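Participant:
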Amino acid sequence: MKQAYTNVCEAWKEKRTIEKEDGERRARWLDEICREIARETGGDADKVYKRMIQCALSKGVFKRLKSILKREWSALDYIEVPNETWYLDKNRDELYEFDNGIFVAHSSFEEDLYEKYGTIKVTPKDVVVVEVEISDDMIHVKNPESTQQWTWTKVTKPEEM
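Numbering (my numbering), first residue to last: 35 to 195.
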């Protein structure tokens, strides 16, 4: 236990030393990078260093401009929630259930019969609204030939979102 405490103290001291020398270490690291780039391109290290400084300055200017031009953040004004609970995708042969803000996809194991368990998925745009009958071990689609499109309700009250 005493050895572990000693190791932690030494690591903390080393960390503090590194933090104090951080500026010098970063300057040496940048200098090494400049010299390496100059060697690879056959240029002058001072020119590379000046280009790096210019890039850093322009990056800072663009960052400030972005924060000035960016719209002010605001909370959601509204969300749209589907009115129905069950949706069928005939192309992928999957049944989607809307449950507390998420869509759960149920896979088919026979015609018009679907597994009770499912996975969270994003619904495709071409799903249709269907009626289902749920038993202990499966979900049966009553009207698989439905063409009813889904409808949405706009929710604007923050407590309902």
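Glycine included, each C-beta is placed from N, C-alpha and C at the ideal position.
Note that this is a predicted model, so its numbers are computed, not measured.
Could you tell me if the beta carbon of Leu147 falls within a distance shorter than 8 Å of some heavy atom in the ligand FMN?
Facilitator: The ligand FMN is not part of this structure, which contains no ligands at all.
Participant: Among Ala139, Val161, Pro158, which one has its Cα closest to the Cα of Gly152?
Facilitator: Counting from 1 along the sequence shown, the entry for residue 152 is found at position 118. Looking at the Cα atoms, Ala139 is the closest of the given residues.
Participant: Buried or exposed: where does Cys89 fall if 16 or more other Cβ atoms within 10 Å of its Cβ makes it buried?
Facilitator: For the purposes of this step, residue 89 is taken as residue 55 along the sequence shown, with counting starting at 1. Exposed: under 16 other Cβ atoms inside 10 Å.
Participant: From the DSSP output, in three-state form, read off Ala109 for me.
Facilitator: Taking the first residue of the sequence shown as position 1, residue 109 is located at position 75. Three-state DSSP puts Ala109 in coil, outside helix and strand.
Participant: With three or more beta-carbon pairs closer than 8 Å as the criterion, would you say the stretch 155 to 168 touches the stretch 177 to 191?
Facilitator: Yes: at least three Cβ pairs fall under 8 Å.
Participant: Starting from Glu167, follow its DSSP beta bridges and name the residues at the other end.
Facilitator: Here residue 167 refers to the residue found at position 133 when the sequence shown is read from its first residue. DSSP lists His174 as partners of Glu167.
Participant: Ends of the alpha helix (DSSP H) at Ser101?
Facilitator: Residue numbering aside, residue 101 sits at position 67 when the sequence shown is read from its first letter. Run containing Ser101: 79 to 103, per the alpha helix (DSSP H) assignment.
Participant: Got a sec, what are the start and stop residues for the alpha helix (DSSP H) Lys36 sits in?
Facilitator: On the sequence shown, residue 36 is found 2 positions in, with the first residue counted as 1. Lys36 -> alpha helix (DSSP H) spans 36 to 54.
Participant: Which stretch, first to last residue, makes up the beta strand (DSSP E) that contains Trp186?
Facilitator: Locating residue 186 in the sequence shown gives position 152, counting from the first residue. Taken as a continuous stretch (DSSP letters only), the beta strand (DSSP E) holding Trp186 covers 186 to 189.
Participant: Taking the alpha-carbon positions, what's the Tyr121 to Ile113 distance?
Facilitator: Taking the sequence shown and counting its residues from 1, one reaches residue 121 at position 87. Taking the sequence shown and counting its residues from 1, one reaches residue 113 at position 79. Their backbone Cα atoms lie some 20 Å apart in a straight line.
Participant: By Cβ distance below 6 Å, which residues in the same chain neighbour Thr190 in space, the five residues on each side in sequence not counted?
Facilitator: What you label residue 190 is simply residue 156 of the sequence shown in a count that begins at 1. Closer than 6 Å at Cβ, skipping near neighbours: Tyr112.
Participant: Compute the Euclidean distance between the alpha carbons of Arg69 and Gly76, then round it to the nearest angstrom.
Facilitator: In the sequence shown, residue 69 corresponds to position 35, counting from 1. In the sequence shown, residue 76 corresponds to position 42, counting from 1. Approximately 10 Å, taken between the alpha carbons.
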